[in-house]
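Shown next, in structure tokens, is the structure this report addresses.
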Amino acid sequence: MEVRTFYDLIEWTRELHAKLAECLSHCALRHGEERASLLLEYLASHETEMEKMVVAFERQADPKAARTYVYDYMPHNPITTHLVCDDHYAKLDADTISAEVFDFHEQIISLYRTLKGKAEIREAAELMQSLLEMEEHETKRLVRQVERMDDL
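Heads up, the numbering used here is the position in the sequence shown plus 2, with the first residue counted as 1.
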């Protein structure tokens, strides 16, 4: 997907969360280790929740901000993660799965921070700030929940 506007960015982010949820869910059924399989199921459900949150941003985004062009500020490959639904995550242990998913979220957070700093209109900066806060909050919640799973 070509990201030209902030609306495109939101849609692209939604698609990333949806694709990651699909891949994690796919691998949860194929993983031989129970702990990793449960983790994959939990992470998939969390990514699905994130997708729904991003959809809410699509609906409520200020039209002025949503139509603002962003492609001048986007790196060519802003997010690197494994989103091909093969058995990638089914071959990893729970710690490596967590690390990859956390890294995915950190890349989105970093991208939002960068774009917020480069936004030329107040509405676009506010939109990026809201998305950034949501992504940071949900990533922190995800980390805490995964740590709790480790305690069990």
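A virtual CB, placed ideally from N, CA and C, is assigned to each residue, including glycine. From a predicted model like this one, the values you see are computed outputs, not experimental measurements.
Best match in the options for proximity to residue i [C-alpha to C-alpha]
| i | options | result |
| --- | --- | --- |
| Ser100 | Val145, His28, Phe59 and Tyr114 | Val145 |
| Ser35 | Arg69, Ser47, Tyr91 and Ala20 | In the sequence as displayed, the identity of residue 35 is Glu instead of Ser. When only C-alpha atoms are compared, the closest one is Tyr91. |
| Ala126 | Gln62, Arg143, Met151 and Val103 | Gln62 |
| Arg69 | Cys25, Asp10 and Trp14 | Asp10 |
| Glu128 | Asp105, Asp88 and Asp64 | Asp64 |
| Phe8 | Glu140, Ser132 and Asp97 | Ser132 |
| Met116 | Glu140, Asp97, Glu13 and Met130 | Going by the sequence as given, residue 116 is Thr instead of Met. Among Glu140, Asp97, Glu13 and Met130, the Cα nearest to that of Thr116 belongs to Met130. |
| Ile12 | Lys54, Thr98, Asp88 and Glu108 | Lys54 |
Test item: CB-CB of residue i and residue j under 8 Å
| i | j | result |
| --- | --- | --- |
| Lys120 | Leu134 | no |
| Leu42 | Ala23 | no |
| Ala67 | Ile123 | yes |
Local Cβ density within 10 Å of residue i, reported as buried at 16 or more and exposed below that
| i | result |
| --- | --- |
| Val86 | exposed |
| Leu45 | buried |
| Glu193 | Examination of residue 193 is not possible in this model, given that the chain is present from 3 through 154 alone. |
| His33 | buried |
Cβ distance (whole Å) where residue i is taken to contact residue j below 8 Å
| i | j | result |
| --- | --- | --- |
| Val5 | Val72 | 6 Å |
| Asp95 | Ala38 | 6 Å |
| His19 | Glu49 | 5 Å |
Cβ of residue i within 8 Å of any chain B Cβ
| i | result |
| --- | --- |
| Ala68 | In the structure shown, chain B cannot be found, because there is only a single protein chain. |
Euclidean distance between Cα positions of residue i and residue j
| i | j | result |
| --- | --- | --- |
| Glu17 | Val148 | 23 Å |
| Met3 | Tyr114 | 18 Å |
| Leu26 | Met151 | 17 Å |
| Lys142 | Met52 | 13 Å |
| Phe106 | Lys93 | 18 Å |
| Glu108 | Asp88 | 23 Å |
| Thr15 | Thr98 | 23 Å |
| Ser112 | Val103 | 14 Å |
| Asp28 | Ser47 | Correcting the residue identity first, residue 28 is His in this sequence and not Asp. Their backbone Cα atoms lie some 12 Å apart in a straight line. |
| Leu40 | Glu140 | 19 Å |
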